[in-house]
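What follows is a set of notes on a single structure, which appears directly below.
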Amino acid sequence: MLNLNFHPAGRHFLTIPGPSPVPDRLLRAMSYPTIDHRGPEFGALGLKVLAGLGQIFKTRHPVVVYPASGTGAWEAALVNTLSPGDAVLMYETGHFASLWKKMAERLGLEPEFLGLPGAEGWRHGAQADRIGERLRADSSHRIKAVCVVHNETSTGVTSDIAAVRKAMDAAGHPALLIVDTISGLASADYRHDEWGVDVTVSGSQKA
Ligand SMILES: Cc1ncc(COP(=O)(O)O)c(C=O)c1O
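Per numbering that gives the first Met the number 0, the sequence shown runs over residues 0 to 206.
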């Protein structure tokens, strides 16, 4: 039977993308009494948090916070920008890119997986030149979005998102660039505005 009372003793020193070690001062802050979620204090705190998040994503655009895991953020990014039947170019970098593609299929999108064959594919980040080549061949602009996992947690390989944007621009293709930086944000360099990303998804429980 699963023991739900299990609580590992002591500090965790294994630094993996999640569960992440939480600094003591944050753990202590979580023991404060809750504040009125309709009161002025909460409103002021919320605005401060949203402004701070903008600095982390390196964006001047609005950041949306809502309760879901990273998987929920994947879904929100796809269903709020695309429609069933839309073709989507997704890059196979590893396990999480594969799960995102399966979700796209379940949502009625038509994902095309680009990547190197077999195990070789999981040893490399997204290759921008291959994305550019595929987009150039799509002269009717059927492909509505390019989806890339910034830091592929399953392999530890990070993709060059700026290079992907450059390749998309060089191909003169209007597809949206949607990036998962669920385990990358705040640990690997990430720049939503400068890199020309249209939608970035992340999660608070990872890096
Ligand atoms: C890169 C990446 N994308 C998506 C997910 C899914 O996030 P969650 O487990 O919070 O649903 C994870 C989880 O580890 C991840 O590492």
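Quick reminder that beta carbons are idealized off the backbone N, C-alpha and C, glycines included.
Computed from a predicted structure; not experimentally measured.
Task: Segment limits, beta strand (DSSP E) that includes L214 - done: The requested residue 214 is not part of the displayed model; the chain covers only 0 to 206.
Open item on the list: Just to confirm, is the Cβ distance from G195 to A170 under 7 Å?
Closed with: no
Open item on the list: Need the endpoints of the alpha helix (DSSP H) that A96 sits in, please.
Closed with: Residues 94-105.
Task: A144 in three-state terms, based on DSSP - done: strand
TODO: Could you say which of G183, I160, G38, F95 lies nearest to Q204 if we only look at CA atoms?
DONE: G183
Task: Three-state secondary structure assigned by DSSP to L25 - done: DSSP places L25 in helix when its eight states are reduced to three.
Task: Beta carbon of L134 nearer than 7 Å to that of H94 - done: No, the Cβ-Cβ distance between L134 and H94 is not below 7 Å.
Task: Spatial neighbours of G53 in its chain, beta-carbon cut-off 7 Å, leaving aside the 5 residues before and after - done: R59, V62
TODO: Taking all protein chains shown into account, decide if E151 is buried (16 or more other Cβ within 10 angstroms of its Cβ) or exposed.
DONE: buried
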